[in-house]
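Here is the structure we will look at, set down as structure tokens.
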Amino acid sequence: MNKKGFTLLEMILVLSIVSLVTLTIHLIPANDWQTSMEARLYFEQLRAELEQAQQLAMTTGYQTVIHFDPSRNCVWLRPSSPYLERSQLFTPEPWQLMTTLRLNYLPTGRVGTFSQVNYRNTQTGEVLSITYQLGAGRFEVKRR
Numbered sequence: 016m017n018k019k020g021f022t023l024l025e026m027i028l029v030l031s032i033v034s035l036v037t038l039t040i041h042l043i044p045a046n047d048w049q050t051s052m053e054a055r056l057y058f059e060q061l062r063a064e065l066e067q068a069q070q071l072a073m074t075t076g077y078q079t080v081i082h083f084d085p086s087r088n089c090v091w092l093r094p095s096s097p098y099l100e101r102s103q104l105f106t107p108e109p110w111q112l113m114t115t116l117r118l119n120y121l122p123t124g125r126v127g128t129f130s131q132v133n134y135r136n137t138q139t140g141e142v143l144s145i146t147y148q149l150g151a152g153r154f155e156v157k158r159r
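In this note's numbering, the protein residues as written are 16 to 159.
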């Protein structure tokens, strides 16, 4: 560097390094991050929907049916009330719903049976379980 500023060679060298770093950052795939974020958001939304289904059964006095359907890789939430909408959640890739289950939230907020639903990550083999407990109709989510 001379006293008046940077030389042309120094500027070209710095710009080429910055360009290479920028290109490298853009070429790194963000798919892993995106799929893990989609899965996290799906399971958070599923938890919220299940809690809402229980509250809905208690406030309306109608049963709410939850159907875990592996053939479609989705969860159906069906209030028995004719005035309420049904909702459907599709499981994101690479997760696969492994358990068929039809569960009823009673107007008391309880479920009639002890149940467990399993999801499996087809890429890593990781298993996530949702276990319904008798009594208050609460559920617990665990990674195995």
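Note that CB positions come from ideal geometry on N, CA and C, so glycine has one too.
Cα-Cα separation, residue 67 to residue 159: Cα to Cα, residue 67 sits roughly 26 Å from residue 159.
Selected residue, minimal CA-CA separation from residue 87, among 79, 94, 105: Taking only the C-alpha atoms, the option nearest residue 87 is 105.
The stretch 72 to 92 contacting the stretch 47 to 54, beta-carbon criterion three pairs below 8 Å: At 8 Å Cβ cutoff, the stretches do not touch.
Between the CA atoms of residue 138 and residue 130 - distance to the nearest angstrom: As the crow flies, the alpha-carbon of residue 130 is around 26 Å from that of residue 138.
Bridge-paired residues (DSSP) for residue 133: Paired residues: 144.
Ordered list of beta strand (DSSP E) runs contained in the stretch 36 to 71, each at least 3 residues: The stretch 36 to 71 contains no complete beta strand (DSSP E) run of 3 or more residues.
Whole-number beta carbon distance between residue 118 and residue 126, since they are thought to touch under 8 Å: So it is a contact: roughly 6 Å between Cβ atoms.
Check whether residue 133 and residue 113 have beta carbons under 7 Å apart: Going by C-beta atoms, residue 133 is nearer than 7 Å to residue 113.
Limits of the beta strand (DSSP E) - the one that residue 77 falls within: For residue 77, there is no enclosing beta strand (DSSP E), since its DSSP letter is neither H nor E.
Own chain partners of residue 151 with C-beta closer than 8 Å, once the 5 adjacent residues on each side are dropped: Cβ-Cβ distances below 8 Å link residue 151 to 124, 125 in the same chain, with the five nearest sequence neighbours on each side left out; the list follows chain order.
Bounding residues of the beta strand (DSSP E) (the contiguous stretch that carries residue 103): Residue 103 -> beta strand (DSSP E) spans 102 to 105.
Cut-off 6 Å between Cβ atoms - residues of its own chain near residue 73, not counting five sequence neighbours on either side: If the five residues before and after residue 73 are omitted, its C-beta is found closer than 6 Å to the C-beta atoms of 124, all from its own chain and listed in chain order.
Pairwise C-alpha distance: residue 157 and residue 128: One Cα belongs to residue 128, the other to residue 157, and the distance between them is close to 19 Å.
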